[in-house]
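This report concerns only the one structure given below.
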Amino acid sequence: MDDLVGKQIGQYLVQERIGDGGMATVYRGLQESIGREVAIKVIDSKLASQDPAWLDRFYREVQIAAQLPHPHIVPIYDYGEFDGLPYTVMALLEGGTLADYIQEHGPLSIEDTIELLRPLTSALDFAHEEGIVHRDLKPANILFDRQGNLYLGDFGLARSNDSTRLTASGSAMGTPAYMAPDWQQGDLTAAADIYSLGVCIYEMLAGQVPYDGGNVMQVIMAHVNEAVPDIRSVRSDLPEGVHWVIAAAMAKAPDRRYTDARTLLGDLEMLLTDPNQASAVAQREPQETYHYPNGWMRSILQAAEDTLGTDQLQSVLVQAGLAHYVDEFPPQNNRKAIPFEEVSALLYTIYGIYGSRGARSVGRWAGRRSHYRGLADYKAMAKMSQALMARAPDDETRVRIGLTVFAKFYNNRSDQRVEFDETDDHYVWRILRCPVCWMKQANEPLGFLVLGVLEGALEWATGQTYRMVEHQCIAQGDPYGEFLIDKTPLEETE
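Start counting the sequence shown at 703; every next residue gets the next number (the numbering used here).
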């Protein structure tokens, strides 16, 4: 982009170049009509030329952002085009960013963190109440004026293709270090901003982000799969409850996060005045039962209907105490809403009526179906997994990587608890909390659904078939379910 210093952009005289980024250059300007200094953000013309719809979207979002009158949101004064370059005019803030402050001063005290969160959470909640999702909340977008007052900036302007962000069809997908797992599902809500706020709080207190892998993809996968690191591992002076506040903000499932920023702030303020309230924070949302995703249960029911027929399935549902699914299956979404008891009741009733053979047919087909249905629901994560496995030097390493990621995925997307292990001859898939045989007893293993899922996953990852056997089952009284998978594909053993 050519330097615009000295140029006249409408009523603004460009005076000085004060910042550069992948999507824009920022200039100090003078609004000559009233003698006001302003910041002029000039967008790289390539963004608009690469995607004709981008410019319309950009202006639409600027108009929305300009209608957020809040004392702690950066005010937008004007916007337009100059020589084909889109630009916005906003308040000039010269006190630096929160990112600058953390880099210069290191970790903040809990008192200073709360002091900064008061205006920040107020601004964020105001935007959410107006129906606006920020989408790129991070310390670099939290600014200060010369008096130290805090402002939240870049609402709706975070669509870029610079190297620190991910893009899809010209639209930004957030900054990876602060990106909620629900980015991959596309339809973002305010919960994505709450997640990013949790990351910001972690960084304010630790001086570093919670996930900082070797490359962008590793960071994204960490947000999807890894538990939230305990802030006390780097800040042992903090009350225990601070970890629970951050963990609640950064819950993998959007509906498990704080519903608003003010409640999060209230919990931190409570911990500051009474550190012994940690248990109250940790138990804010007690887990009374374990749940399975709606869409996964729907896949099981559809597979059962394909195998047994509609009339037979309806009879099974009535006998299993699941008559509410006769007229309508659960919705096709990933909300965890199906109690484990319902999953086991369905499969155990099929087992009781049709025996091992019928349960095996339904279970394995349902397992394979739910795996491939999941690929459609989690396209971004599937692509990331494929990219990780593509780097593996051989099938054995590829399977090891795939099953490790798969176990973390299951642990985060449902209330199952799964471990991956291996011996010299086998990969080991171990289920510590199993919905298939939840609170049931049997004289033989009942994990047919799991076998189907594993078969589908290995076929998808390698294009090959592996012999596997259910070695232990909780329904038989074993401490956990365990599946042994031969490391050598069937094609190579025949």
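Using N, Cα and C, we set each Cβ at its ideal position, and we do this for glycine too.
Q: For Asp1097, I'd like the list of residues in its chain whose CB is within less than 6 angstroms of its CB, leaving aside the five on either flank, ordered along the chain.
A: Thr1164
Q: On a CA-only basis, which of Ile778, Glu739, Gly782 is nearest Asp758? Give me that one, please.
A: Gly782
**Q.** Residue span of the beta strand (DSSP E) that contains Phe846, given as start and end
**A.** 844-846
Q: Could you check which residue in Ile834, Asp1123, Met792 has the C-alpha nearest to that of Lys743?
A: Met792
Q.
Using C-beta distances below 7 angstroms, list every residue in its chain close to Val930, excluding the 5 sequence neighbours before and after it, in chain order.
A. Pro912, Ile948, Ala949, Met952
**Q.** Proximal residues to Asn1104 (C-beta, below 6 angstroms), its chain only, five neighbours per side dropped
**A.** Checking the sequence shown, residue 1104 turns out to be Gly, not Asn. Taken in chain order, the residues that qualify are Met1091, Ala1163.
Q) With DSSP run on the structure shown, which of helix, strand or coil describes Val791? A) strand
Q: For the segment 963-980 and the segment 997-1016, state whether three or more C-beta atom pairs, one from each stretch, are separated by less than 8 angstroms.
A: no
Q. Hey, would you say Pro821 sits closer than 9 angstroms to Leu794, going by beta carbons?
A. no
Q.
For a quick check, are the C-beta atoms of Pro883 and Tyr897 less than 9 angstroms apart?
A. yes
Q. Mapping DSSP to helix, strand and coil, what is Arg1000?
A. helix
Q. Where Asp785 and Val707 are concerned, what is the direct C-alpha to C-alpha distance, given to the nearest angstrom?
A. 14 angstroms
Q: Determine the burial state of Leu899: buried for a count of at least 16 other Cβ atoms within 10 Å of its Cβ, exposed for fewer.
A: buried
Q: Report yes if the CB atom of Leu1048 is closer than 9 angstroms to the CB atom of Leu1010, and no otherwise.
A: no
Q | Extent of the continuous beta strand (DSSP E) to which Pro1041 belongs | A | 1038-1041
Q: Return the chain-ordered list of same chain residues with a C-beta closer than 7 angstroms to the C-beta of Thr1190, the five sequence neighbours on each side being excluded.
A: none
Q) Which residue from Phe1122, Arg1093, Asp1117 puts its Cα closest to that of Val1107? A) Phe1122
Q) Taking just the CA atoms, how far does Arg1115 sit from Val918? A) 22 angstroms
Q. Helix, strand or coil for Ile736 per DSSP?
A. coil
Q: Using beta-carbon positions only, say whether Ala829 and Thr799 come within less than 9 angstroms of one another.
A: no
(Q) Please state the DSSP three-state secondary structure of Asp1214. (A) Any property of residue 1214 remains undetermined from this structure, which presents the chain solely from 703 to 1196.
Q. For Gly1183, which option in Ala1159, Leu1192, Cys1139 has the closest C-alpha, if you only look at C-alpha atoms?
A. Cys1139
**Q.** Inter-residue Cα distance where the pair is Met1083 and Met923
**A.** 8 angstroms
Q) Is DSSP giving Lys748 helix, strand or coil here? A) helix
Q: Could you check the C-alpha separation between Glu1161 and Val1152 for me, to the nearest Å?
A: 14 angstroms
Q: Assign Ser862 to one of two classes, buried (16 or more other C-beta atoms within 10 Å of its C-beta) or exposed (fewer than that).
A: Its pLDDT being 34, under 50, Ser862 is placed unreliably in this model, and the coordinates cannot settle the point.
Q: Could you have a look at Arg730 and say whether DSSP puts it in helix, strand or coil?
A: strand
**Q.** Range covered by the alpha helix (DSSP H) that runs through Trp1162
**A.** 1150-1164
(Q) Applying the 10 Å Cβ sphere with the 16-neighbour rule, what's the burial state of Ser938? (A) exposed
Q. By how many angstroms is the C-alpha of Val1101 removed from the C-alpha of Ala894?
A. 31 angstroms
**Q.** Per-residue burial, Asp838 [other beta carbons within 10 Å of its own, 16 or more giving buried]
**A.** buried
Q: Compute the Euclidean distance between the alpha carbons of Ala1144 and Gly1158, then round it to the nearest angstrom.
A: 26 angstroms
Q. With a CB to CB cut of under 7 angstroms and the five nearest residues on each side skipped, what residues in its chain are close to Arg848?
A. Glu796, Gly797
Q.
Please identify the residue among Pro1095, Ala908, Val1120 whose C-alpha is closest to the C-alpha of Leu1134.
A. Val1120
Q: For the segment 990-1000 and the segment 1020-1039, state whether three or more C-beta atom pairs, one from each stretch, are separated by less than 8 angstroms.
A: yes
Q) To the nearest whole angstrom, what separates the beta carbons of Pro1137 and Ser1046, a pair I think is in contact under 8 angstroms? A) 6 angstroms
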